[in-house]
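Enquirer:
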Amino acid sequence: QVQLVESGGGLVQPGGSLRLSCTASGSIFTLYAMGWYRQAPGKQRELVALIGSGGSMNYADSVKGRFTISRDNAKNTVYLQMNSLKPEDTAVYLCIAKRITNYWGQGTQVTVSS
Numbered sequence: 241q242v243q244l245v246e247s248g249g250g251l252v253q254p255g256g257s258l259r260l261s262c263t264a265s266g267s268i269f270t271l272y273a274m275g276w277y278r279q280a281p282g283k284q285r286e287l288v289a290l291i292g293s294g295g296s297m298n299y300a301d302s303v304k305g306r307f308t309i310s311r312d313n314a315k316n317t318v319y320l321q322m323n324s325l326k327p328e329d330t331a332v333y334l335c336i337a338k339r340i341t342n343y344w345g346q347g348t349q350v351t352v353s354s
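According to my numbering, numbering within the sequence shown proceeds without interruption in unit steps and concludes at 354.
#1: Can you have a look at aspartate 329 and say buried or exposed, based on whether 16 or more other CB atoms are within 10 angstroms of its CB?
#2: Write down every uninterrupted run of the beta strand (DSSP E) in the segment 313-346 whose length is 3 residues or greater and which is fully enclosed by it, in chain order.
#3: Taking one C-beta from the segment 289-304 and one from the segment 241-249 each time, how about it: are there three or more such pairs within less than 8 angstroms?
#4: Quick one, which of Ile268, Gly255, Asn342, Val288 has its alpha-carbon nearest serine 310's?
#5: I need the DSSP call for valine 242, collapsed to helix, strand or coil.
#6: So, is alanine 264 buried or exposed, given that buried needs 16 or more other C-beta atoms within 10 angstroms?
#7: Say yes only if the C-beta of leucine 258 is nearer than 7 angstroms to one or more non-hydrogen atoms of the ligand HEM, and no if none qualify.
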């Protein structure tokens with residue numbers, strides 16, 4: 241079992257920045273690929289960014305060059321630095337721990353609006 245707790249969401253103006261954090265407990269953090277998905281109202285959940293246990297990273301085309309995913313294995317935490325935010329980035333952002341079984345956090349709301 242892995243428990244995931246996200247933080248860092250909120251309301252930000254277009255062009256602004258936010259950093260999301262997701263802290264894991266309950267298992268060996270370094271065994272898991274960690275990532276962020278998002279889900280906007282009426283839309284399917286989509287992958288935003290993923291970082292493997294070895295540090296390899298993948299991003300959705302829509303966030304490349306604006307978002308950066310990183311992990312601190314000493315703190316069992318994965319981060320998502322989001323810059324140049326756009327209204328279309330508005331969604332609930334969910335942390336995921338991926339291995340044989342996937343585990344999800346409860347989500348944190350990000351709203352980009354003037």
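Where a beta carbon is used, it is the ideal one built from N, C-alpha and C, also for glycine.
Nothing here was measured: the structure is a model prediction, and the numbers come from that model.
Expert: Working from what's here:
#1: Aspartate 329 should be labelled buried.
#2: Whole beta strand (DSSP E) segments, 3+ residues: 317-322, 331-338.
#3: Taking a cut-off of 8 angstroms for Cβ pairs, the segment 289-304 and the segment 241-249 do not touch, as fewer than three such pairs fall below it.
#4: Residue Val288 is the option with its Cα nearest to serine 310.
#5: Assigned with DSSP and collapsed to three states, valine 242 falls in coil, not helix or strand.
#6: Under this definition alanine 264 is a buried residue.
#7: Of ligands this structure carries none, so the ligand HEM is not represented either.
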